[in-house]
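Trainee:
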Amino acid sequence: MTSTETLRLELHSAVLADLDGSKPKNLARALAYQAEDMVPEAATYADERDFQAALQGARSTHQLVELWRKQLTRWDYADQPAWTDTSPRTDERRAAVHGLLKLEEATRALLDGLIPVSKAAVSVVISPEHKPWYTPQSQLSRPHYWPAYRNLLAAKGWPADAVAALDVATDQVVERLADPTDSEMYQSKGLVVGYVQSGKTANFTGVMAKAVDAGYRLVIVLGGTLNMLRAQTQRRLDMELVGRENILRGAGELESDYADDPAWTAGKFVSFGSLPSALGAFDIVRMTTRDDDYKSLLQGITALEFEKREPALPLYDRENLHRSSARLMVVKKNKTVLAKLVKDLGKIKTPLAEIPVLIIDDESDEASVNTAKPDVQRSAINEQISKLLNMLPRAQYVGYTATPFANVFVDPSDTEDIFPKDFLISLPRPEGYMGARDFHDLDSEVEEDGRTVANSNEKAHVRDIVGNAEDDTCLQQAMDMFVLTAAMKLYREEVGGLGDGYFAHHTMLVHESVRTGAHRELHDRVLSLWHNAGYTGPRGHERLRRLFETDVAPVSEVRADGQAVPASYDELMRYVGPASVRIGGDGQPIIVVNGDKDLETGEADFDKRPIWKILIGGQKLARGFTVEGLTVSFFRRRAGNASTLMQMGRWFGFRKGYRDLVRLYLGRRETMGRAEVDLYDAFQAICLDEEAFRSELQRYSVMVDGRPQVTPAQIPPLVSQHLPWLKPTSPNKMYNARLELVRSAGRWEEPTAYPQKGEDLRRNTELWVPYLEALGTQPSTYGYHFPDNGVVHRFGALSGIFPAATVLDTLRELRWEVPEQFPPHLRYISEITEAGKVDDWVVLAPQHASASAAKTVTLGSTGRSYSWFSRDRRADRGPLFGAISDKKHRGVAHRIAGALGASGDPATEGLVAERRGAIVLYPIVETVHQGSLGGRIDSDKIVMAFTFVAPASAHSANGQVVQFTTISSKPNAIIDITEIDRS
170 MTSTETLRLE LHSAVLADLD GSKPKNLARA LAYQAEDMVP EAATYADERD FQAALQGARS
230 THQLVELWRK QLTRWDYADQ PAWTDTSPRT DERRAAVHGL LKLEEATRAL LDGLIPVSKA
290 AVSVVISPEH KPWYTPQSQL SRPHYWPAYR NLLAAKGWPA DAVAALDVAT DQVVERLADP
350 TDSEMYQSKG LVVGYVQSGK TANFTGVMAK AVDAGYRLVI VLGGTLNMLR AQTQRRLDME
410 LVGRENILRG AGELESDYAD DPAWTAGKFV SFGSLPSALG AFDIVRMTTR DDDYKSLLQG
470 ITALEFEKRE PALPLYDREN LHRSSARLMV VKKNKTVLAK LVKDLGKIKT PLAEIPVLII
530 DDESDEASVN TAKPDVQRSA INEQISKLLN MLPRAQYVGY TATPFANVFV DPSDTEDIFP
590 KDFLISLPRP EGYMGARDFH DLDSEVEEDG RTVANSNEKA HVRDIVGNAE DDTCLQQAMD
650 MFVLTAAMKL YREEVGGLGD GYFAHHTMLV HESVRTGAHR ELHDRVLSLW HNAGYTGPRG
710 HERLRRLFET DVAPVSEVRA DGQAVPASYD ELMRYVGPAS VRIGGDGQPI IVVNGDKDLE
770 TGEADFDKRP IWKILIGGQK LARGFTVEGL TVSFFRRRAG NASTLMQMGR WFGFRKGYRD
830 LVRLYLGRRE TMGRAEVDLY DAFQAICLDE EAFRSELQRY SVMVDGRPQV TPAQIPPLVS
890 QHLPWLKPTS PNKMYNARLE LVRSAGRWEE PTAYPQKGED LRRNTELWVP YLEALGTQPS
950 TYGYHFPDNG VVHRFGALSG IFPAATVLDT LRELRWEVPE QFPPHLRYIS EITEAGKVDD
1010 WVVLAPQHAS ASAAKTVTLG STGRSYSWFS RDRRADRGPL FGAISDKKHR GVAHRIAGAL
1070 GASGDPATEG LVAERRGAIV LYPIVETVHQ GSLGGRIDSD KIVMAFTFVA PASAHSANGQ
1130 VVQFTTISSK PNAIIDITEI DRS
């Protein structure tokens, strides 16, 4: 870097540091002001024309561009700043920034070309206030690894929007770590929540790149519990972060541990041109390789020693830190391996208190934490991680998970060493990602009988597995679909212009059990089906033609997104033979992936070769391992808890070029103990839980008066709202935060914790029956017309209007199975009633269109009958019900409460009034009681469920939506009950 560039960087860095946290200001004036305190030559660069000249010859990774990218992005993303009323992440916001900077048109065009406005979704951040240190000025020492990583992503075809979003998301993590050069020691601990197979590795690779650039010198990645997961993570980091020169360190190309890797010989590993230390940066020294986990160093213990340029100064001093090499190790979560590392760290001469350390815990809710019933191995791993954190006082811990209800939030009393006290960051759903909601119709306004492959994700992608385990009809059809979609991919490569080899991998997953004995039997069954399928003969073509015409063609016609689709099976037929040869031409169409070496019929290493195979597996495929090219999944395995079930969803991910071809075959009547489970419904229930929780985090992340309204320590009681049986394991421990109030103006709220005891059910029925009896005797038809898609929801309901005070009195008397679930909502309703923000409530009791005696039940003393609804408590949520409401009732209730615009329905509009809420009543009869129904039912066997929408205008003045009470003055998330009186 020339002295000219250095001086210009120092000047712009000073300007941006001064503007950081404030509104944009006149750039020319700011440059002149800062130049006054610098050497006289700085005045030469205190000019917008010099800035233009520097930008004209700059690449997107130039350090001056990086400095401006940080600050422009912060202004672009600022939420409701005082200096503009434009929306975040818009061209209008960027124009407002340019205007306040008073930039010339030429400068604006150059900046927008190098730093386009990112319009991607943002992360949700839950964090207490933190000490700002990661600023443009702190990054004045030349960053090396982050610009190289950013460049690599752009070269891989990442859209500029996605790269900019990753830049912001990784900043949000790094700025919440401790300053590695600070003399004061601090351990920051956080959790990043993504989606299953959604690019979390890209996020932590970016975090690592920025962290080592900032001064972190030991990076420990806890890379899963299996060798294949650790090796997968090691390779990804070596390829995209470490680079060829750091891997070789002067050795020959053939001596690399990647000499047999096609990506190595194809030049896909990042390259710096020379060792970074020779380019004025610093090297990364690998302490583990693709094939070798961490091993005791013995005499080679000096490899962990950190060199100091100034021996009298601590390692974290800038004079030493930025000239010292970084060490990287990707370590399996294994007691023995971690114990070796702990032992070696205790031997080195460099004082451990001087080393800035970053610990990345991939899949942090697996094996890192102690659960309610921890096994010995899990406890042992947790113990080793605790030792690492205790012996490395400058260590920062960042966990990554795809499970929002991660164990570290469920039970912080059992994981005090890694509880994310400093931040929780929920990553946005990436563009192009195919996740749980893409297989379900969660937000569909279309009635079930009107759903087609065009408007229903379920009809497009999900196929039912029916019959017993010995019936292979569905398995054969899934294999036929696998061959058919393989032919479609070859067709798209040739006819669609994607080019030969575009689809490097094409896989099918068969997942029924974790037992290796079952895998052996399943392998033989699948192999027999394959050999008898006759894919190149008349019988095979007949099946494939029928499947193409009834399934593939109708779906792809409306969902191919511009990809080539053959007009008939005859046009596709010539690709079927080559497809079946690619899959089974070597006599091995199957790869078994589990711990039994004898069963591994082919190595499932997607990095070394193209794989077009059927994969059979268990635990190794259940978490973390990425199945590339996955197109058809056949899933019958049962799981006992939500996070385990969601992690098994290997069919989530990016499916560029073949999204319409993805099929999921799911067991709809699987036996679990004595119960029968619908796996599709189970996945949907989890998906709804996750969506609701992420939505709540979004609401709670909004700052109130410039301060966070929720901290990570207050998340556990929020989790318990969804999963009430998840409590601190120790009977003498409790959450330090109690959820007191949830404001939900204009939002659909659906309590689910209804009582099970007969006397409590009877009491609730007695409270609601007077409302039913006061409703009109004949149902009216209400409707809501959704203008965006033309859908109209209509239903019949009895209705009435009741004073707010009367409703509040009733709600206060209701009884609940989980006492703490409803009170935060009750307090809000009490608050708005007393403040005069709600005058009255419309109560709706939906009635079935065909009022047969079988669907009605007599309640109360008047002899009137009302429609009842069939709902059951969810097996995975203890006493809680799943969804109570019917979606077609929501539009009307939202309109009555003022949360939606005009309904286009006179009857509905007749119920709309200012300061009015809506309640929808659902008398529920659980399946266990339906057999004894004879038009009347005992009041202790009916659940009077309800949903409500408070007036949309009934919000707080400052936007606060949630309030907590802290039990103890201690900052801990979990406290000992015996300490409450002493605190």
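Everything in the sequence shown is counted per this note's numbering, starting at 170 for the first residue and increasing by one.
By construction, the Cβ of each residue, glycine as well, lies at the ideal position given by its N, Cα and C atoms.
No experiment lies behind these values; they were computed from the predicted model shown.
List the endpoints of the continuous beta strand (DSSP E) containing Gly-359.
Mentor: Element bounds for Gly-359: 358-362.
Trainee: Mark His-700 as exposed unless 16 or more other C-beta atoms lie within 10 angstroms of its C-beta, in which case mark it buried.
Mentor: exposed
Trainee: So does the region 213-223 actually touch the region 176-190, counting three or more Cβ pairs closer than 8 Å?
Mentor: Contact holds: three or more Cβ-Cβ distances are below 8 Å.
Trainee: Closer than 8 Å is the cut-off here; do at least three beta carbon pairs connect the region 362-371 with the region 470-477?
Mentor: no
Trainee: Who does Lys-782 pair with in a DSSP beta bridge?
Mentor: Thr-676
Trainee: According to DSSP, is Val-987 part of a helix, a strand, or is it coil?
Mentor: coil
Trainee: Might you give, ordered along the chain, the residues of its own chain that have their beta carbon closer than 6 Å to the beta carbon of Asp-1109, omitting 5 neighbours on each side?
Mentor: Gly-927, Leu-930 and Arg-931
Trainee: Going by Cα to Cα distance, which pick from Tyr-738, Gln-646, Asp-607 and Met-408 is closest to Ala-656?
Mentor: Tyr-738
Trainee: With DSSP run on the structure shown, which of helix, strand or coil describes Val-1007?
Mentor: The answer is coil: DSSP assigns Val-1007 none of H, G, I, E or B.
Trainee: So the alpha helix (DSSP H) Ala-922 belongs to, where does it begin and stop?
Mentor: Run containing Ala-922: none; DSSP gives neither H nor E here.
Trainee: How is Val-506 classed by DSSP in three states: helix, strand or coil?
Mentor: helix
Trainee: With DSSP as the reference, please indicate the residues paired to Pro-1015 in a beta bridge.
Mentor: Ala-966
Trainee: Just how far apart, CA to CA, sit Tyr-318 and Val-695?
Mentor: Taken atom to atom, the span from the alpha-carbon of Tyr-318 to that of Val-695 is near 42 Å.
Trainee: Taking DSSP as the reference, what is the three-state secondary structure of Pro-885?
Mentor: helix
Trainee: Once the 5 residues before and after Gly-809 are set aside, which same chain residues still bring their CB inside 7 Å of it?
Mentor: Annotation note: pLDDT 49 at Gly-809 (below 50); position unreliable, no value reported.
Trainee: How long is the line joining the alpha carbons of Asp-462 and Lys-516, rounded to whole angstroms?
Mentor: Approximately 19 Å, taken between the alpha carbons.
Trainee: What separation, rounded to the nearest whole angstrom, lies between the Cα atoms of Thr-795 and Ala-733?
Mentor: 27 Å
Trainee: According to the neighbour-count rule (16 or more other Cβ atoms, all chains shown, within 10 Å of its Cβ), is Arg-218 buried or exposed?
Mentor: By the Cβ neighbour-count rule, Arg-218 is exposed, with fewer than 16 other Cβ atoms within 10 Å of its own.
Trainee: I want to know whether the region 548-566 touches the region 525-532 - three or more CB-CB distances under 8 Å.
Mentor: yes
Trainee: Note down the Cα distance separating Leu-557 from Tyr-303, rounded to an integer number of angstroms.
Mentor: 25 Å
Trainee: Just list the residues that DSSP pairs Gly-1060 with in beta bridges.
Mentor: Its beta-bridge partners do not exist; DSSP assigns none.
Trainee: Compare the C-alpha of Arg-750 against each of Leu-391, Leu-659, Val-365 and Pro-209 and name the closest.
Mentor: The question names Arg, yet the displayed sequence has Val at residue 750. Answer by Cα proximity: Leu-659.
Trainee: For Arg-277 and Val-342, what's the separation of their Cα atoms in angstroms?
Mentor: 29 Å
Trainee: Please state whether the Cβ-Cβ distance between Tyr-923 and Ala-1114 is less than 7 Å.
Mentor: yes
Trainee: When DSSP labels each residue in this structure, what does Tyr-1155 get in the three-state scheme?
Mentor: Residue 1155 lies beyond the stretch modelled for the chain, which goes from 170 to 1152, so this question has no answer here.
Trainee: For Ala-278 and chain D, any beta-carbon pair shorter than 7 Å?
Mentor: The structure shown contains no chain D; it holds only a single protein chain.
Trainee: Give the straight-line distance between the Cα atoms of Glu-600 and Asp-330, rounded to the nearest whole angstrom.
Mentor: 10 Å
Trainee: By Cβ distance, which residues of its chain are closer than 6 Å to Pro-316, with the 5 residues on each side in sequence left out?
Mentor: The answer, listed in chain order, is Thr-230.
Trainee: May I have a chain-ordered list of the beta strand (DSSP E) segments no shorter than 3 residues that lie completely inside the region 577-650?
Mentor: 592-595 and 631-634
Trainee: Rank Asp-351, Glu-740 and Trp-937 by C-alpha distance to the C-alpha of Thr-975 and give the top, closest one.
Mentor: Selected option, being the one with the closest Cα: Trp-937.
Trainee: According to DSSP, simplified to helix, strand and coil, what is Leu-272?
Mentor: coil
Trainee: Please name the residue in Arg-386, Ile-752 and Asn-637 whose C-alpha comes closest to that of Met-650.
Mentor: Ile-752
Trainee: Express the C-alpha separation of Val-439 and Glu-409 in angstroms, rounding to a whole number.
Mentor: So the alpha carbons of these two residues sit roughly 6 Å apart.
Trainee: Just tell me which of Asp-452, Ile-1106, Arg-824 and Thr-457 has its CA closest to the CA of Ser-494.
Mentor: Asp-452
Trainee: Taking just the CA atoms, how far does Asp-847 sit from Lys-782?
Mentor: 28 Å
Trainee: Classify Gly-798 as helix, strand or coil using the three-state DSSP reduction.
Mentor: coil
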